[in-house]
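With full-length UniProt numbering, letter number 62 in the sequence shown gets 62, and the count goes up by one each step, no holes. Here is the structure we will look at.
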Amino acid sequence: MKTIKVSVVTPDGPVYDADVEMVSTKAQSGELGILPGHIPLVAPLAIGSVRLKKDGKTELIAVSGGFLEVRPEKVTILAQTAEKAEDIDVERAIRAKERAEQRLHEQHQEHIDFRRAELALQRAVNRLGVSGRNL
Ligand code: ATP
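As structure tokens, this is what we get:
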């Protein structure tokens with residue numbers, strides 16, 4: 001089976017490096033699936049998961065935005081934050097979700113930064129989804 005190299009990197013360092021059969025992720029324009037031989041591409045990413053198909057298994061990484069770059073020999077994901085499913089601290093994500101929901105409920109208070117709370121909620125829900133805890 002043909003494979004393509006994939007690196008997921010964040011400002012804190014590399015998170016994932018492997019040869020995979022397929023990469024799927026959520027670009028701001030919608031879902032993207034990358035197979036070996038895909039045309040070169042740069043796309044901004046949404047908060048979502050990166051799914052990596054390898055040896056018949058699918059690994060999941062939670063990312064909170066960034067860029068996907070597809071080159072002939074390599075896919076690079078430059079993410080603001082990235083955690084492999086097994087590295088996600090579920091309790092922390094639950095606390096972050098509760099905090100964000102609380103802020104969104106207090107929307108009548110002018111000092112609450114609504115958009116910031118929405119994004120925090122999306123990150124937390126995404127982490128819980130990738131860790132498999134909200135299924
Ligand atoms: P929190 O309020 O819990 O910090 P957050 O969404 O504001 O959540 P980020 O700013 O997205 O956190 O991430 C800050 C750093 O913490 C990043 O390195 C990210 O990978 C890590 N991180 C955040 N939440 C988790 C989690 N639930 N499990 C593991 N790492 C996490």
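Glycine residues also receive a C-beta, built at the ideal position from the N, C-alpha and C atoms. Quick caveat: nothing in here was measured; it's all calculated off a predicted structure.
Residue state for Lys2 is assigned as coil, using DSSP reduced to three classes. In the three-state reduction of the DSSP assignment, Ser131 falls in the helix class, which pools H, G and I. Asp89 has its CB nearer than 6 Å to a heavy atom of the ligand ATP.
Closest in alpha carbon position to Glu83, among Ser24, Leu32, Ser29, Ser49, is Ser49. Within the DSSP bridge table, the entry for Ala62 names Ser49, Glu83 as partners.
Taken from the Cβ of Ala62, every heavy atom of the ligand ATP lies 6 Å or farther away. In this model, Val8 and Arg115 are separated by some 26 Å (Cα to Cα). With contact defined as three or more Cβ pairs closer than 8 Å, the region 96 to 105 and the region 13 to 24 are not in contact. DSSP places Leu35 outside any beta strand (DSSP E), giving it a letter other than H or E. If you look at Gly13, you'll find it in the beta strand (DSSP E) that goes 13 to 20. Taken through DSSP and simplified to helix, strand or coil, Ile94 comes out as helix.
C-alpha of Lys57 to C-alpha of Lys2: approximately 15 Å in a straight line.
In this model, Ala117 and Thr81 are separated by some 17 Å (Cα to Cα).
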